[in-house]
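Here is the structure we will look at, set down as structure tokens.
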Amino acid sequence: MFHGTLPKGRARRAGRRAAPRNAPMSAPLPSLAQVHVLIIDDQPDELRQLIEMFRRAGCRISVAFDGAQGYQRALAGAPDVVLMDVHLPVLDGLGACRLLQNDPATAAIPVILLGAVGDLDERLEGLRSGAVDYVPKPFAPEEMLARVAIHIGRMPRPQRPVPAAPTALSKDQVLVSAARQYLAGHLADPPGLRQLAHEVGTHEKRLSRAFREHLGMTVYEFVREERLRVARRLLAETSLSITAIAGELGFSSAANFATAFREKVGSTPSAFREAARRGGTRARA
């Protein structure tokens, strides 16, 4: 650290370089005192760094070591924000994020994921899973604290209406909702049942049972219905070719798509599109 006094001329020049006349001044970070942060990480060094960082900021801290435990602690402790590594044992950060965002009891809690800087697919999948942010490692403590402050609303934000009290869902309903969210983003190449169950932190038997009890159909039947629902919307609302729609939704060919569509809807994709353009048919959501 420099100690002493600069000569007056140098001090003025140094001041001009450090703070040009029209340069914006950086705002001080807002206080995070008593903010409840749930940190989910299984790496001791990273966990120690995060705990120390938020402890110095005056936060209350809870800790979990895998995604399943983190989800349970979020339910029990209602933290203000969840900070979670993507790569976790038992249930990874993406799967835990899906559960948190599909459970009304935790859906309003902002989730910030931590992961590799160079993995674009992982970052996008994290945001699709419901995370409000993805912070690449290694991170600067000041940036991490600023991001947390922004997402919990301690910096000036537009006024938002207070949401109604959430409706409680059973664990199986949360699993079905999380699985539906995941499948909606992977209709072109849906995972097998085992992989889907892994993505939402459960096992095949329970997920199959939950789909039958709450949707009245199997996972495979849901994928087929969802593909055709999206197909009706794309036919009615876009100019995508039928071949392109078939490819986007994971059908092996336009002919295969046309057969499945006719069996479900009662008309060919071309006839459906023509009727929709004439205003005689509305795509159902």
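Note that this note's numbering has the sequence shown beginning at 98, numbered continuously upward. Don't be surprised by glycine CBs; every beta carbon is placed ideally from N, CA and C.
Among the options, which residue has its Cα nearest to the Cα of residue i?
{"i": "G174", "options": "I158, N353, M181, E345", "result": "I158"}
{"i": "I209", "options": "E318, D138, S367, A355", "result": "D138"}
{"i": "V179", "options": "I136, A343, L196", "result": "I136"}
{"i": "G192", "options": "E219, R306, A202, A205", "result": "E219"}
{"i": "A146", "options": "A352, I206, E239", "result": "Correcting the residue type first, residue 146 is Gln in the shown sequence and not Ala. Selected option, being the one with the closest Cα: E239."}
{"i": "C156", "options": "G363, D230, A246, L290", "result": "A246"}
{"i": "D182", "options": "P141, S364, A205, T299", "result": "P141"}
{"i": "L293", "options": "H311, L272, L266", "result": "L272"}
{"i": "P287", "options": "L325, V320, H311", "result": "V320"}
{"i": "R277", "options": "A357, E149, E322", "result": "E322"}
{"i": "S349", "options": "R324, S336, Q166, A161", "result": "R324"}
{"i": "S336", "options": "E310, L346, R374, E301", "result": "R374"}
{"i": "L266", "options": "A352, A204, G190", "result": "A204"}
{"i": "V385", "options": "A352, A328, E334, L221", "result": "There is simply no residue 385 to check, as the chain begins at 98 and stops at 382 in what is shown."}
Going by DSSP in three states, residue i sits in which element: helix, strand or coil?
{"i": "R254", "result": "Residue placement at R254 is poorly supported in this model, since its pLDDT is 43, which falls under 50; the coordinates still yield a value, given next. In this structure, R254 counts as coil in the three-state DSSP scheme."}
{"i": "P201", "result": "coil"}
{"i": "V316", "result": "helix"}
{"i": "V362", "result": "helix"}
{"i": "S367", "result": "helix"}
{"i": "V297", "result": "coil"}
{"i": "P141", "result": "helix"}
{"i": "F350", "result": "The sequence given here has Ser at residue 350, not Phe. The answer is coil: DSSP assigns S350 none of H, G, I, E or B."}
{"i": "V187", "result": "coil"}
{"i": "G344", "result": "helix"}
{"i": "V327", "result": "helix"}
{"i": "L290", "result": "helix"}
{"i": "L304", "result": "helix"}
{"i": "L337", "result": "coil"}
How would you call residue i, buried or exposed, if buried means at least 16 neighbouring beta carbons within 10 angstroms?
{"i": "L217", "result": "exposed"}
{"i": "P235", "result": "exposed"}
{"i": "P366", "result": "buried"}
{"i": "N199", "result": "buried"}
{"i": "M98", "result": "Its pLDDT being 42, under 50, M98 is placed unreliably in this model, and the coordinates cannot settle the point."}
{"i": "Y279", "result": "buried"}
{"i": "P186", "result": "exposed"}
{"i": "H300", "result": "exposed"}
{"i": "S226", "result": "buried"}
Across which residues does DSSP place residue i in a beta bridge pair?
{"i": "L180", "result": "I136, I209"}
{"i": "S159", "result": "L135"}
Return yes when the C-beta of residue i is under 8 Å from any heavy atom of the ligand ATP, and no when it is not.
{"i": "E371", "result": "You won't find the ligand ATP in this model; it holds no ligand whatsoever."}
So residue i is in the beta strand (DSSP E); what residue range does that whole segment cover?
{"i": "D230", "result": "230-234"}
Following the continuous alpha helix (DSSP H) through residue i, name the residue where it begins and the one where it ends.
{"i": "S274", "result": "268-281"}
{"i": "P238", "result": "238-248"}
{"i": "L221", "result": "217-225"}
{"i": "L172", "result": "164-174"}
{"i": "A130", "result": "Here A130 belongs to no alpha helix (DSSP H), and DSSP marks it neither H nor E."}
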